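Number of protein chains: 2
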Amino acid sequence: MKKPEKSVNVRSLAKKAGVSVATVSRALRQPDTVAPHTREKILRLVEKYRFVPDGRAANFSSQRTGLVGLIVPTISNSIYAEFTEAIQSRLQAAGPSLLIVNANYSAEIERDIIRKLIESRVEGVILTGYRRDASLYQLLEHYRIPFVVTWAISPKRSIPSISFDNHAAAAEATEMLIKLGHRRIGLICGVAAINDRASMRLEAYQSVLEKHRITFDETLVSQQPFEIEAAAEAATRLMSNPKPPTALFCANDIQALGALFACQRMKIRVPEDVSIIGFDDLPIVRTANPALSSVHVPARQMGNAAADALIAAARQQTPIKSQIIPTELIMRASTAPLKHSKGTRR
Amino acid sequence: MKKPEKSVNVRSLAKKAGVSVATVSRALRQPDTVAPHTREKILRLVEKYRFVPDGRAANFSSQRTGLVGLIVPTISNSIYAEFTEAIQSRLQAAGPSLLIVNANYSAEIERDIIRKLIESRVEGVILTGYRRDASLYQLLEHYRIPFVVTWAISPKRSIPSISFDNHAAAAEATEMLIKLGHRRIGLICGVAAINDRASMRLEAYQSVLEKHRITFDETLVSQQPFEIEAAAEAATRLMSNPKPPTALFCANDIQALGALFACQRMKIRVPEDVSIIGFDDLPIVRTANPALSSVHVPARQMGNAAADALIAAARQQTPIKSQIIPTELIMRASTAPLKHSKGTRR
DNA sequence: AAGCCGAATGTAACCGGTTACATTGCCGGC
DNA sequence: GCCGGCAATGTAACCGGTTACATTCGGCTT
């Protein structure tokens with residue numbers, strides 16, 4: 024009762040064309056090594072039978088997959104879209120295809136993904152963040168799969184990273200708010216326990232406060248998943264503090280927008296009553312009212328550099344060199360010097 | 024001078040364990056068909072040598088890939104993120120992995136992608152929009168790869184689609200604006216020539232105007248790529264019209280936000296001076312000020328249904344049934360009845 | 001005319017699991 | 001004591017291209 028349908032393959036095609044399998048394969052891969060007449064006869068048959076060679080067999084046999092894996096924590100945030108597009112266009116120019124996978128901020132999912140990528144023998148992996156089980160890095164090394172960490176600087180020499188410096192970038196933003204005279208500075212950031220980028224930005228915030236002898240006030244910090252609604256609620260809570268902050272540093276632009284909208288609802292003026300600085304510099308925050316100050320993140324360059332590095336590593340056997348790409352704090356209309364309104368602390 | 028490194032595989036492992044390759048394979052795939060003692064000996068070796076079986080060989084040999092391809096026009100718009108996540112979680116429960124690819128609104132890229140998906144012998148393909156070369160559908164059919172169109176209802180019976188109705192949804196929004204008394208209604212939408220969803224929404228807008236005997240004014244329509252800045256500029260242009268529209272229908276929420284921000288800049292009040300309706304119902308428009316009215320798109324259900332349909336089609340050989348999923352026009356604070364101010368506004 | 005070269009093509013091994021089928025060995029029933 | 005039957009394991013074909021190496025043959029050199 025089985026289907027008798029033989030799928031067309033190089034052997035059946037070779038028979039029809041009256042040539043050998045090697046000739047068919049060559050006609051498709053290296054057309055100029057086949058006599059024009061033979062080649063055309065074969066290509067006509069390929070067309071006629073709509074032959075699409077089995078890529079698995081092809082790269083299984085040739086021992087090359089032409090695949091690079093990219094693991095991002097989410098695809099909801101469009102900052103990763105820009106990053107992904109940069110990687111994709113670089114890879115496309117060089118050959119390999121990109122396998123985009125979404126780990127959803129889960130270490131377990133990421134573990135499974137990495138395993139699957141190794142199973143499919145990808146020729147490179149781009150990781151987001153450095154914090155993960157050491158055995159995963161060992162596995163990649165064991166299979167000689169070049170990999171590179173992005174969006175975070177790896178603290179270990181053996182783990183190459185191509186990234187901007189989260190700590191420095193967040194510190195710069197916090198410093199700027201202090202320079203503007205702010206002392207009560209709220210922080211809305213991601214959940215540090217599951218997100219090393221959030222954790223580094225939080226650390227930077229704390230260390231800058233400490234440097235300026237401003238006591239850390241836990242009630243001014245809110246760790247939230249990256250959903251605008253959650254951020255808006257967090258901002259509402261922070262601004263309802265008996266001694267509300269005069270500035271908010273949001274370690275993510277989605278959260279900054281949530282904070283902005285929440286302030287507008289509460290009739291708290293930005294930047295007159297509260298200054299806001301975001302992080303990522305998404306196109307949307309440039310267009311918002313007021314346009315939000317934000318830390319510009321070099322997503323595109325980072326993607327380009329990571330892709331180039333992997334391509335080079337796959338070609339030669341050279342190890343990947345770590346790079347640090349600068350960020351830029353872009354000041355727009357959402358930040359202003361602190362006004363010393365009477366009756367309040369200074 | 025070649026590397027002497029033999030990668031570990033079932034054969035080398037079998038030798039070390041003193042068993043046959045079949046036993047190794049079974050120890051990994053069907054552990055209970057192997058005697059506990061043997062199984063543990065093998066698993067210990069797998070652990071020791073960090074053996075990760077070659078998935079290409081595995082699914083090449085077993086003739087199953089466990090792969091489903093998803094082609095989206097962009098990953099920048101977070102509405103696709105929700106859709107993608109729904110698909111991913113359904114597939115994960117059933118087994119297959121999801122290959123996400125970004126066609127970037129380009130027919131050529133999409134053509135290459137479909138070819139590559141066929142080459143890798145995916146077991147299903149989820150497409151966005153129905154408008155594409157017929158030969159691509161034929162190729163998929165020829166290779167017996169189940170596929171389904173989403174985000175647009177396919178006009179052909181032979182092409183199954185699981186989608187909401189773009190025409191009906193856009194018509195409902197336009198009707199609502201008319202019902203609120205608006206007669207001069209601007210439209211900002213995607214580029215109809217490259218985007219069948221945009222084109223259907225534009226058509227719906229036109230047909231509703233016609234139904235209400237409102238003459239179509241070309242200067243009130245702007246087709247734009249989905250970037251907030253472009254939409255903001257378009258809105259600025261539309262609102263600078265000597266006879267500006269009293270309502271804007273934006274066939275995409277990103278564009279609606281751009282329009283909202285542009286109006287705020289121009290000190291045009293929303294909804295007092297101009298009503299805005301968006302499309303997609305992104306979380307961000309619910310939080311914006313004013314919260315935007317928008318056509319809620321069933322991205323999650325559509326993703327679930329599409330994934331389920333492909334899984335079913337792959338299991339049995341049943342063809343996929345088309346489905347239409349309802350949308351819902353959600354009215355929020357950005358829309359108001361037309362005020363009959365004579366001559367002036369503001 | 002013998003010998004050589006290179007272009008065109010053919011042959012078959014190979015990539016690394018999977019799996020149908022074969023084999024082995026042990027137990028219990030009769 | 002023989003044999004059926006089952007559990008555990010082994011053997012080897014197979015998936016479908018790729019490619020190293022072999023072969024064929026026409027033409028050119030000397």
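Going down the list, the sequences are from chains F and V.
Taking this note's numbering, the leading residue of the first sequence gets 24, the next gets one more, and so forth.
Taking this note's numbering, the leading residue of the second sequence gets 24, the next gets one more, and so forth.
From the three backbone atoms N, C-alpha and C, an ideal C-beta is built for every residue, glycine too.
Every value quoted in this text rests on a predicted model; they were computed, and no experiment measured them.
Chain V residues whose Cβ lies nearer than 8 angstroms to that of residue i
| i | result |
| --- | --- |
| F:P306 | E250, I251, E252 |
| F:P264 | The question names Pro, but residue 264 of chain F is Asn in the sequence shown. In chain order: nothing, as chain V lies at least about 21 angstroms away. |
| F:Q287 | N312 |
| F:F83 | D77, R79, A80, F83 |
Cβ neighbours of residue i in the same chain (closer than 8 angstroms, five flanking residues each side left out)
| i | result |
| --- | --- |
| F:V320 | I102, F187, A192, F302, D303, D304, T350 |
| V:M325 | F106, A109, T173, W174, I185, S186, F187, I348 |
| F:R260 | S245 |
| F:M24 | Annotation note: pLDDT 29 at F:M24 (below 50); position unreliable, coordinate value reported separately. Cβ neighbours of F:M24 beyond the five flanking positions: none. |
| V:I141 | L162, L163, Y166, I168 |
| F:D276 | I102, G301, F302, D303, D304, L305, I307, V308, L315, S317 |
| V:T358 | M199, L200, L203, A270, P294, S298, I299, I300, S316 |
Rounded straight-line distance, which links the Cα of residue j to that of residue i
| i | j | result |
| --- | --- | --- |
| F:V57 | F:V42 | 11 angstroms |
| F:I136 | F:D219 | 19 angstroms |
| F:I343 | V:V69 | 29 angstroms |
| F:L333 | F:V95 | 16 angstroms |
| F:Q161 | F:R167 | 10 angstroms |
| F:E198 | V:P306 | 32 angstroms |
| V:C286 | V:A270 | 11 angstroms |
| V:R138 | F:V75 | 8 angstroms |
| F:K20 | F:I65 | Nothing can be reported for residue 20 of chain F, as the shown portion of chain F is limited to 24 through 369. |
| F:A253 | V:V308 | 14 angstroms |
| V:A196 | V:A255 | 20 angstroms |
| V:S177 | V:D240 | 29 angstroms |
| V:S230 | V:L280 | 25 angstroms |
| F:N82 | F:G89 | 8 angstroms |
| V:E146 | V:R155 | 20 angstroms |
| V:A104 | V:S158 | 29 angstroms |
| V:P360 | V:L203 | 4 angstroms |
| F:N100 | F:Q278 | 11 angstroms |
| F:P267 | V:S263 | 41 angstroms |
| V:T61 | V:D77 | 22 angstroms |
| F:V47 | F:A80 | 15 angstroms |
| F:R87 | F:A40 | 28 angstroms |
| V:R207 | V:A356 | 20 angstroms |
| V:E226 | V:H363 | 28 angstroms |
Residues that residue i contacts on chain F, provided the C-beta gap is smaller than 7 angstroms
| i | result |
| --- | --- |
| V:S120 | K139 |
| V:S99 | S101, A104 |
| V:A215 | What V:A215 touches in chain F: nothing, since even the nearest Cβ is about 23 angstroms away. |
Contacts around residue i, its chain only, beta-carbon distance under 6 angstroms, and the 5 residues preceding and following it disregarded
| i | result |
| --- | --- |
| F:E164 | none |
| F:A257 | I211, S245, Q247 |
| F:M354 | S316 |
| F:S35 | none |
Chain V residues whose Cβ lies nearer than 7 angstroms to that of residue i
| i | result |
| --- | --- |
| F:P76 | E142 |
| F:F284 | T310, A311, N312 |
Under 9 angstroms by beta carbon: chain V residues contacting residue i
| i | result |
| --- | --- |
| F:L280 | I307, T310, A311 |
| F:N125 | A104, T107, E108, Q111, L121, I123 |
| F:Y166 | S30, R73, V75 |
| F:A116 | In chain order: nothing, as chain V lies at least about 13 angstroms away. |
| F:A255 | T310 |
Cβ shell of residue i (< 7 angstroms), same chain only, five flanking positions each side left out
| i | result |
| --- | --- |
| F:S116 | In the sequence as presented, Ser is not what sits at residue 116 of chain F; that position holds Ala. Answer for F:A116: no residue qualifies. |
| V:D331 | R113 |
| F:Q346 | I185, A328 |
| F:Y228 | A193, T197, L210, F272 |
Beta-carbon neighbours of residue i, restricted to chain F and to distances below 9 angstroms
| i | result |
| --- | --- |
| V:L162 | R73, V75 |
- prompt: Is there contact here, the region 117-128 of chain F with the region 127-134 of chain V, by at least three beta-carbon pairs under 8 angstroms?
  reply: no
Cβ pair count under 8 angstroms reaching 3, the region 215-234 of chain V against the region 288-296 of chain V: no
Contained beta strand (DSSP E) runs [length at least 3] in the region 168-245 of chain V, N- to C-terminal order: 170-173, 184-186, 208-212
message: Does the region 86-95 of chain V come into contact with the region 307-316 of chain V, if we say contact requires no fewer than three beta-carbon pairs (one atom in each stretch) closer than 8 angstroms?
response: no
field: Continuous beta strand (DSSP E) assignments of at least 3 residues falling wholly in the region 280-309 of chain V
entry: 298-303
query: At what residue ranges does the region 39-75 of chain F contain a whole run of the alpha helix (DSSP H), taking only runs of 4 or more?
result: 44-52, 59-71
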